[in-house]
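S.K.: Can you read through this structure? Questions will come right after.
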Ligand SMILES: Nc1ncnc2c1ncn2[C@@H]1O[C@H](COP(=O)(O)OP(=O)(O)OP(=O)(O)O)[C@@H](O)[C@H]1O
Ligand SMILES: [Mg+2]
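Protein chains in written order, with my numbering: chain A, -12 to 250; chain B, 10 to 287.
What follows is the structure, given as structure tokens:
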């Protein structure tokens, strides 16, 4: 099978201040082309660590990560990343932010303009093209960040709790929009969240992680028809199952913290 | 910006702001007229004003065969002094900041360069520019060169220190986002690190200009024979206290003008920045 993201026995140990933290242990996952996969787990279970290993920001200390058959050695525009903190460049206008990746690639100016315009239109940002990020709401900023990585035309999108800081309504709109984009472009998406509903609403497949060391606790394929309805019985059954799994890890996390505090 | 407010509001705002200075000046004038203060120690405001006008006005009568009308109008001593001081500030600042900026960028961006040069910077930085006066005269004699040397030292360190910390404090998330988009070293530096550091650099430039302005006045009292600093010291030799005060007020106005100019420049360059309203 030709998996686009291939993670083999990946482990990550952080060494800081003489202490060792084993954030990931023996993770083996294949994510095929075009799949929408969610990493789900409580805070601190290593979701970002795993995503950063795929993005190439921080390589695993054991095992391997391959993308399109080549080992990941560093970050690159073939794996566009959307951060929870938006990470827009505040000194660039909306349009300049979106065009930046294409300028780095030295695309012709006319092509950059055309691409930026169509992305602005697709994400309902056209009237904000000359604004600076400081003048935008959180939802608008995240739209710009999504447009910025879409401009790269990468086949893989990595998203680290991209909607975590947004209010419920904005979050819901952006989830819809992301699905629309995913359906239009059939990107491979690896999406980190700790919201169970969000993962059921979006994903083809949910990878539930354990807390410290982070491993894959359960690999669940979601077969519900889209658009998914939180009132649907299948939705709720899955939600109960996932809640159970996440709560177990959450409790381990809390016990861990109590032990740490007691020491 | 006040562009949205009407002229009547602006007028009343101005009147409120002018109330306290007006009272102070009035009391000062009355005390002087009643003879309570020795005019050699503290002249009346009216005397300062007259002197200020004389200082500003052309010295010679208008003669069309010698110069044009505008040139004649601008030929007074005050404007020549202000121009001389401003010239020194600008040239000294450009030299000091022009050396500090690339050095600061290099020190901020490269750990090796930082480790190499930081000890020297730490030793030299606490020396006040004024302490360089003897050396500057020894090296450059009298005239503009030692003055400009002192001013550039005054501007150098604030710009250097702020540039270093601006580059070092660039938020890692911007670096990560740019690397993800494929930015190489040159693009990273020019399009990400440099703009991210500009708020710090401009703060440094503003402090640097302020220091340059202090140093220009001191250096003019020592090394040259024109400029606002020279003029007020010269006035003291003749016991022209009214001219001293007129000169001081001119220095204040020039300083205010420079600072306002810097603020405008800041607002223009940082229109993207959160702290600044558009
Ligand atoms: N640079 C680091 N140095 C040391 N420990 C780290 C480092 N980065 C992460 N960790 C530890 O690794 C573990 C996993 O962190 P990670 O950020 O991947 O969790 P997460 O699942 O993304 O959590 P959250 O939902 O809060 O973002 C945590 O226990 C964290 O303390
Ligand atoms: Mg995280």
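Cβ coordinates follow ideal geometry from the N, Cα and C atoms, glycine included.
With DSSP run on the structure shown, which of helix, strand or coil describes residue 111 of chain A?
M.R.: Coil at residue 111 of chain A, not helix or strand.
S.K.: Helix or strand or just coil, what does DSSP make of residue 7 of chain A?
M.R.: In this structure, residue 7 of chain A counts as strand in the three-state DSSP scheme.
S.K.: Closer than 8 Å between beta carbons: that is the criterion. Which residues of the segment 78 to 99 of chain B meet it against chain A?
M.R.: Cβ contacts with chain A come from no residue of the segment 78 to 99 of chain B.
S.K.: Alpha carbon to alpha carbon, what distance is there between residue 107 of chain A and residue 82 of chain A?
M.R.: Approximately 8 Å between the Cα atoms of the pair.
S.K.: Using the C-alpha atoms, what's the distance from residue 202 of chain B back to residue 126 of chain B?
M.R.: Their Cα atoms are separated by approximately 21 Å.
S.K.: What residue range is occupied by the uninterrupted beta strand (DSSP E) comprising residue 147 of chain A?
M.R.: 143 to 147 is the span of the beta strand (DSSP E), which, as asked, contains residue 147 of chain A.
S.K.: Which residues does DSSP list as the beta-bridge partners of residue 175 of chain A?
M.R.: DSSP, once it has assigned bridges, lists A/143 as partnering residue 175 of chain A.
S.K.: Compare the C-alpha of residue 217 of chain B against each of B/67, B/100, B/50, B/150 and name the closest.
M.R.: Per the Cα distances, B/100.
S.K.: Nearest by alpha-carbon distance to residue 60 of chain B: which of B/268, B/256, B/24, B/262 is it?
M.R.: Ranking B/268, B/256, B/24, B/262 by Cα distance to residue 60 of chain B puts B/256 first.
S.K.: Can you name the start and end residues of the beta strand (DSSP E) that residue 193 of chain A belongs to?
M.R.: Segment 192 to 196, the beta strand (DSSP E) holding residue 193 of chain A.
S.K.: Closest by CA to residue 221 of chain B, which one among B/138, B/133, B/53, B/71?
M.R.: Checked all of B/138, B/133, B/53, B/71; the closest Cα to residue 221 of chain B is B/138.
S.K.: Who are residue 27 of chain A's beta bridge partners in DSSP?
M.R.: Answer is A/180, A/195.
S.K.: Inspect the CB distances between the segment 177 to 192 of chain B and the segment 75 to 91 of chain A and report whether three or more fall short of 8 Å.
M.R.: Flag = yes, the segment 177 to 192 of chain B and the segment 75 to 91 of chain A touch.
S.K.: Would you say residue 187 of chain A lies against chain B (beta-carbon separation less than 8 Å)?
M.R.: False, the Cβ-Cβ gap to chain B never drops below 8 Å.
S.K.: Quick one: what's got a C-beta closer than 8 Å to residue 250 of chain B's C-beta in the same chain, skipping five residues either side?
M.R.: Around residue 250 of chain B: 48, 49, 50, 51, 52, 244.
S.K.: Measure the Cβ-Cβ separation of residue 135 of chain A and residue 168 of chain A and say whether it is below 8 Å.
M.R.: Against a cut-off of 8 Å, the Cβ pair of residue 168 of chain A and residue 135 of chain A comes out as no contact.
S.K.: Could you check which residue in B/83, B/253, B/225 has the C-alpha nearest to that of residue 161 of chain B?
M.R.: Nearest of B/83, B/253, B/225 to residue 161 of chain B, Cα basis: B/225.
S.K.: For residue 190 of chain A, is the classification buried or exposed, using 16 other Cβ atoms within 10 angstroms of its Cβ as the cut-off for buried?
M.R.: Its Cβ being crowded by 16 or more others within 10 Å, residue 190 of chain A is buried.
S.K.: Kindly list the residues whose CB is nearer than 7 Å to the CB of residue 259 of chain B, restricted to its own chain and excluding five residues on each side of it in sequence; keep chain order.
M.R.: Closer than 7 Å at the Cβ level, and outside the excluded window around residue 259 of chain B, lie 87, 91, 237.
S.K.: Here's the rule I'm using: 16 or more other beta-carbon atoms within 10 Å means buried, otherwise exposed. How should residue 180 of chain B be labelled?
M.R.: Under this definition residue 180 of chain B is an exposed residue.
S.K.: For residue 53 of chain A, name the three-state secondary structure that DSSP assigns.
M.R.: Note: residue 53 of chain A maps to strand in three-state DSSP.
S.K.: Check whether the Cβ of residue 260 of chain A sits closer than 7 Å to any heavy atom of ligand 2, and report yes or no.
M.R.: In the structure as shown, chain A begins at -12 and stops at 250. Residue 260 of chain A is therefore absent and cannot be evaluated.
S.K.: Residues of chain B with CB closer than 7 Å to the CB of residue 44 of chain A, please, in chain order.
M.R.: The contacting residues are 185.
S.K.: Whose Cβ in chain A lies nearer than 7 Å to the Cβ of residue 192 of chain B?
M.R.: Within 7 Å Cβ-Cβ: 91.
S.K.: Taking 8 Å as the CB-CB limit, is residue 78 of chain A close to chain B?
M.R.: Chain B, which has a Cβ nearer than 8 Å to the Cβ of residue 78 of chain A, makes this yes.
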